[in-house]
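Quick note, the first sequence lines up with residues 204 to 939 if you use our numbering.
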Amino acid sequence: MDKAYNHTTESELYKRWENSGAFTPNDSKKAFSIIMPPPNANDPLHVGHAMFIAIEDILVRFHRMKGESVEWLPGTDHAGIETQFVYEKKLAKDNKSRFDFDRETLYKNIWDYVEMNSGVAMTQMKRLGASADWGRYKFTLDPAVVSFVCETFQKLHNDKLVYRAEKLVNYCPHCGTAYSELEVDHEERTDKLYHIDYPLTDGTGVITVATTRPETLFGDVAVAVNPTDKRYTALIGKKVKLPLTNREIEIIADEGVDTAFGTGAVKITPAHDPFDWSVVEKNKEKFDLLETVNKHTVIGINGKMTANAGKDYENLSVFKAREKVVAELDLEKNAKPHIHNVGICYRCKRVIEPLPLPQFFVSVAPLTKPVLEALDKKDVVIHGTGREAILRTWLTNLRDWNVSRQIVWGIRMPVWHNVEGHETEVSVNFIDAKGKQHKGLLRDLYAEGFDLEAIATGLQQIIVPIVSNVPFVVQTEKPSEEGTWIQETDTFDTWFSSGQWPVVTLKTGNAGDFEKFYPTSVMETAYEILPFWVMRMLMLGMYLTGNVPFKDVYLHGLVRDGQGRKMSKSVGNVVNPIDLVEKYGADALRMALVMGSTPGQDKSVGEPTIKGMRNLSNKIWNATRFLKEFSGEQPENAELKTWTLKVVRQTTEHLDKLRVGQASEYLYGEFWHGYCDKWIEEAKKGSVGTSQMEEVLLVFLKLLHPFMPFVTERCYQEIFSQKESDLLITAAWPTV
RNA sequence: GGUCGCAUAGCUCAGUUGGUUAGAGCGUUCGAUUCACAUUCGAAAGGUCCCUGGUUCGAAUCCAGGUGCGACCACCA
């Protein structure tokens, strides 16, 4: 044996494990299963992935050694918006955009791009020692997964839990898609609050409104004041003239107006502001909501002013239009700085534009209720400080889920529209090959020479939300009835498919897997995606099976650098886990990430810590080396025996209770200061014999194996393994 | 504004259901070393466990309030 442990033999050991069949479940009745959180298929691993690999692999190896039938099911996610966003950035480097391709070509190109990169993540997981069942590997765009996801949507539709509605949605003009409420970030910005005078039509004066968005005045349909506001009560019902246009709008009363903000008078732009939308929605006698909104939408899906804003403003960007309005009305002089939060796209960081668009929504109330009950009954237990309370808050306040996305990279919705005979009712909204928006009746589209079917099937352009006002059919295949059937061009929100992950991976896998492994034992993931993913899995898992998708949820925290700072490219403190594996070994990295970590809490890991754990690898190695050469014939030492039993009992208990951080810390101390510092010295002094020391070393190799699989396996091979197939990974866990 | 969390050694953090002298890694000081390992060993220094009050025979741990920090959520123009 070498004097120091050399970790470069790790990949050889990994191959031996993989070839031995140890990663696939045995026929034991007792099942233990973890569905791996699928990383994005086109991303290389970051240190957060190393964290989940470490924790899950520890649990999986522990239960495997206990003799259970263990399934750790790996996979990757197509990560719709994320991936398309990355791909579009790549296109932009070549001076291209998504509009240069038709739907099918773009999809195929992204597919090739993802396929090219998707092997990387898997190889890296293997380098970290992940003993996952690669034979059952799943991708969210596997044909079986896609049809399962579509069937779920059909089931939801049959159960009347899906509806299509035109609502104000969070739309990113740059990414060209709407988002759910969860995907919008907020950023505090200092903008200007402008004051605009709207002259009363009776010539008695003006009413001054305050706004941060003067360019939307073309979309105003009213001015609202609080009915209790004495300054304005006399004006309610009067009309004002919109500046820059000749349009007249009414002054109306609404309790929601804050008299203390601005001037106490609010311009109402229902198509571009959620508050204004709600004001118009409430005022049913005065306004037909959808008609009003449609007529007064002044910003298009391309982020530019529409024809409704008038000839001078049409096709100007929102920002340019604002500058122009400010200049023309000389608003700068009365502007005040104003700090407020604006919604920004969580991908591209540009401002989110609330726009009225027809989208598909899933009613969430019937889905969240059983989850809350399951939490009450402890059918599912959340491990992670305070995270259960957060989950409950989410479940209680969740709004209907917008599941449609206007991107190509994803699962296309199994929805069909029959537009025949509806040419004068169907409105169409899309962006053509030149990036120009078209919006209007189908009849007009035909008159312009466009072919809707060709657009929708993607032979010409990428289309953004397609048609409204037509009854739709939910099914995978094109309906056989007569008509002009157009398939919905939207794809599903990524979380709609990944939200079914535990169910779909097991149902589309080997026969009997679902029955054997569902509900899964543990869901281990980052607390950051608790609302996006864990909550959706619980909702859809319970909806589809009537049972929770997992019994325990272990939430790990963010991995921070040695100074406790968040890793970020701008700080330059991002570490590549594979570099660390090459330098110190996978065992050292795993142990450093896990030791003393607590669920739900962030973890700082600096290089000195990893170095310290590399030293532990070496310590294990050298203890083995010592025993290989040591010989002593003393009778059994009773103190050593009881101490060993205590260590076994304590470690097992920690792991049974998912206390991975404590188990590792405990083992470190007991092995180093107990076995090495104390008992090896005792052995040298002659108070313990070889056979007992070997016995105890074997116990420690087993206990340490889930944490540091490579070095322990090598040491096992040095002393204990009798033949090629005798591996520590499948050795029996010590009993007390 | 709402919700949740954190505050323990110089730094980064553990501390299971309240129970003897409060722990680890890294760092610091002193010493050792042909004897498994200098990727080592022995020893030491270093803490009013944020503050105040309460419950208890007993509180780092439970409760209330305060202070500081952080995360997430939030349509007020």
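We treat Cβ as the ideally placed atom computed from N, Cα and C, and that holds for glycine. Just so it is clear, the structure is predicted and the values come from calculations on it, not from any experiment.
Buried or exposed by the 16-neighbour rule on C-beta atoms within 10 Å, applied to residue i
| i | result |
| --- | --- |
| Arg434 | exposed |
| Thr845 | exposed |
| Ala207 | exposed |
| Lys806 | buried |
| Ala659 | buried |
| Pro674 | exposed |
| Met740 | buried |
| Leu662 | Legend: pLDDT at Leu662 = 45, less than 50; position of this residue unreliable, value from coordinates given subsequently. Flag for Leu662 reads exposed. |
| Glu451 | exposed |
| Gly194 | Nothing about residue 194 can be read from this structure; the chain reaches only from 204 to 939. |
| Tyr649 | exposed |
| Phe356 | buried |
| Ile542 | exposed |
| Asp288 | The question names Asp, yet the displayed sequence has Phe at residue 288. Per the 10 Å Cβ criterion, buried. |
Residue i in three-state terms, based on DSSP
| i | result |
| --- | --- |
| Trp612 | coil |
| Pro477 | helix |
| Leu359 | helix |
| Met319 | helix |
| His908 | coil |
| His377 | coil |
| Ile813 | helix |
| Ile504 | coil |
| Arg763 | strand |
| Tyr516 | coil |
| Gly744 | helix |
| Tyr435 | coil |
N-terminal and C-terminal residue of the beta strand (DSSP E) that residue i is part of
| i | result |
| --- | --- |
| Asp400 | 387 to 402 |
| Ile689 | 688 to 690 |
| Trp275 | 272 to 276 |
| Pro912 | That residue, Pro912, is in no beta strand (DSSP E); its alpha helix (DSSP H) goes 912 to 922. |
| Asp755 | 753 to 759 |
| Trp619 | 618 to 621 |
| Thr414 | 409 to 414 |
| Asn600 | Premise fails: Asn600 lies in the alpha helix (DSSP H), 590 to 600, not in any beta strand (DSSP E). |
| Val934 | Reading off the sequence, residue 934 comes out as Ala, not Val. It is not in any beta strand (DSSP E) - Ala934 carries neither H nor E in the DSSP assignment. |
For residue j and residue i, the rounded distance between their alpha carbons
| i | j | result |
| --- | --- | --- |
| Asp305 | Thr466 | 49 Å |
| Gln664 | Thr343 | Unreliable positioning characterises Gln664 in this predicted model, as indicated by a pLDDT of 49, which lies under 50. A coordinate reading is not provided. |
| Val504 | Phe753 | Residue identity differs from the one stated: residue 504 is Ile in this sequence, not Val. Those two C-alpha atoms are separated by around 40 Å. |
| Lys299 | Val317 | 18 Å |
| Val387 | Asp603 | 15 Å |
| Ala512 | Thr448 | 9 Å |
| Leu438 | Ile454 | 7 Å |
| Ile823 | Thr915 | 7 Å |
| Gln895 | Ser214 | 32 Å |
| Asn222 | His252 | 24 Å |
| Met770 | Arg763 | 6 Å |
| Val902 | Val851 | 8 Å |
| Leu403 | Thr627 | 38 Å |
| Trp704 | Gln562 | 24 Å |
| Cys551 | Pro376 | 10 Å |
| Ile732 | Ile256 | 16 Å |
| Val707 | Asp345 | 11 Å |
| Met911 | Leu396 | 59 Å |
| Lys572 | Asp362 | 16 Å |
| Val939 | His210 | 32 Å |
| Thr414 | Glu535 | 12 Å |
| Pro617 | Phe699 | 13 Å |
| Arg416 | Arg525 | 7 Å |
| Glu727 | Lys341 | 18 Å |
Of the residues the options, the one placed nearest residue i, counting alpha carbons only
| i | options | result |
| --- | --- | --- |
| Glu167 | Val554, Phe717, Gly864, Val706 | What is shown of the chain runs 204 to 939, which leaves residue 167 out entirely. |
| Thr748 | Glu873, Thr436, Leu709, Thr211 | Leu709 |
| Ile813 | Met616, Lys786, Lys831 | Lys786 |
| Val250 | Gly283, Ser231, Asp280, Met328 | Met328 |
| Leu248 | Trp275, Gln609, Gly322, Gly587 | Gly322 |
| Val170 | Pro240, Lys507, Leu601 | The chain is shown only over 204 to 939; residue 170 falls outside these bounds and no answer can be derived. |
| Val725 | Leu743, Val751, Leu560 | Val751 |
N- and C-terminal bounds of the alpha helix (DSSP H) containing residue i
| i | result |
| --- | --- |
| His249 | Where His249 is concerned, there is no enclosing alpha helix (DSSP H), given that its DSSP letter is neither H nor E. |
| Asn497 | 492 to 498 |
| Thr845 | 841 to 859 |
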